[in-house]
Each structure stands twice: as C-alpha cells, then as structure tokens.
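Residue numbers (this note's numbering): 34 to 140.
Ideal Cβ positions, reconstructed from N, Cα and C, are used throughout, including at glycine.
All values reported here derive from a predicted model rather than from experimental measurement.
Scroll down for the structure; my scribbles are underneath it.
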Amino acid sequence: MHSPANTPVYERVRRNPKFQELVRQRSRLALILSAVVLVGYYSFMMVVAFAPDLLHKPMSDDSALSVGFPIGAAIIILSWLLTGVYSHFANGRFQDLTDEITRETLQ
Numbered sequence: 034m035h036s037p038a039n040t041p042v043y044e045r046v047r048r049n050p051k052f053q054e055l056v057r058q059r060s061r062l063a064l065i066l067s068a069v070v071l072v073g074y075y076s077f078m079m080v081v082a083f084a085p086d087l088l089h090k091p092m093s094d095d096s097a098l099s100v101g102f103p104i105g106a107a108i109i110i111l112s113w114l115l116t117g118v119y120s121h122f123a124n125g126r127f128q129d130l131t132d133e134i135t136r137e138t139l140q
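As structure tokens, this is what we get:
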C-alpha cells in the first residue's frame, strides 16, 4: 500500500528549495517565539518560587494591587502578541512561499 507521503508530488515538494526555506524560516520563528514565552514564564515562576516577596510588594503605598499581578498579566499579553506575530508571518510570507511551492509543484 502506498503512503501519500511517498508519492512523486510530495517528493517534488520536499526537493523544492523554497520548501526547505519555508521549513527553515517557520522553524526558526517558532523557536524564537517559544523561547521568548518560555523564558518569560519560567523566570516569573522562579521569582514566585524563590523570591515571592518581590511580587508581594504593593504597586504604591496606598495600593492593594501587588507588583506580581501586572507582571503576570504582561506575560499573558506577551503570549497573545507573539501569537499575533506568528499569525502575521503565517498569513504573509509563509503563505506566499506555500503558494509558490504549490504552483511550481503542480506545473
């Protein structure tokens, strides 16, 4: 039985230099964005675990809001923004490359 991934069309796609470029660019962007989120999140968790007093400090003298709350919220917002960055590239440059690869493969 033939696997669809072993057909000549898939072989042409894999050999296409633009496909190699697409895979390289997409992987690099995903790695960078993942690293940013993970470093931010795990840094926050390390502060929570080993220096929680830093996050307990109030925003101001008469504030009930601690420093940790906006930092935690910023990490969540950063994750949303980075998802938007990835979507921008996925719907722009990556989609353009995918369209070029498809046109070249189907010729």
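Measure the alpha-carbon distance for residue i versus residue j and round it to whole angstroms.
{"i": "Pro91", "j": "Gly101", "result": "9 angstroms"}
{"i": "Leu130", "j": "Leu71", "result": "28 angstroms"}
{"i": "Asn73", "j": "Ala106", "result": "A small correction: the amino acid at residue 73 is Gly; Asn does not occupy that position in the sequence shown. If you take the alpha carbons of Gly73 and Ala106, they lie about 12 angstroms apart."}
{"i": "Leu114", "j": "Asn124", "result": "15 angstroms"}
{"i": "Glu135", "j": "Tyr43", "result": "According to the sequence displayed, residue 135 carries Thr and not Glu. Their Cα atoms are separated by approximately 11 angstroms."}
{"i": "Pro103", "j": "Phe122", "result": "28 angstroms"}
Just confirm the distance between the C-beta atoms of residue i and residue j, as a whole number of angstroms; I'd bet it's less than 8 angstroms.
{"i": "Leu55", "j": "Phe127", "result": "6 angstroms"}
{"i": "Leu88", "j": "Ser99", "result": "6 angstroms"}
{"i": "Leu62", "j": "Tyr119", "result": "7 angstroms"}
Where does the unbroken alpha helix (DSSP H) through residue i begin, and where does it stop?
{"i": "Asp95", "result": "First-last for Asp95: undefined, no H or E at that position."}
{"i": "Ala123", "result": "Gly101 to Asn124"}
Considering only residues of the same chain and omitting the five flanking positions on each side of residue i, which have a CB-CB separation below 8 angstroms?
{"i": "Tyr111", "result": "Checking the sequence shown, residue 111 turns out to be Leu, not Tyr. Around Leu111: Val69, Val70 and Gly73."}
{"i": "Glu133", "result": "Lys51"}
Just checking, does the stretch 40 to 53 make contact with the stretch 74 to 85 on the three C-beta pairs under 8 angstroms criterion? no
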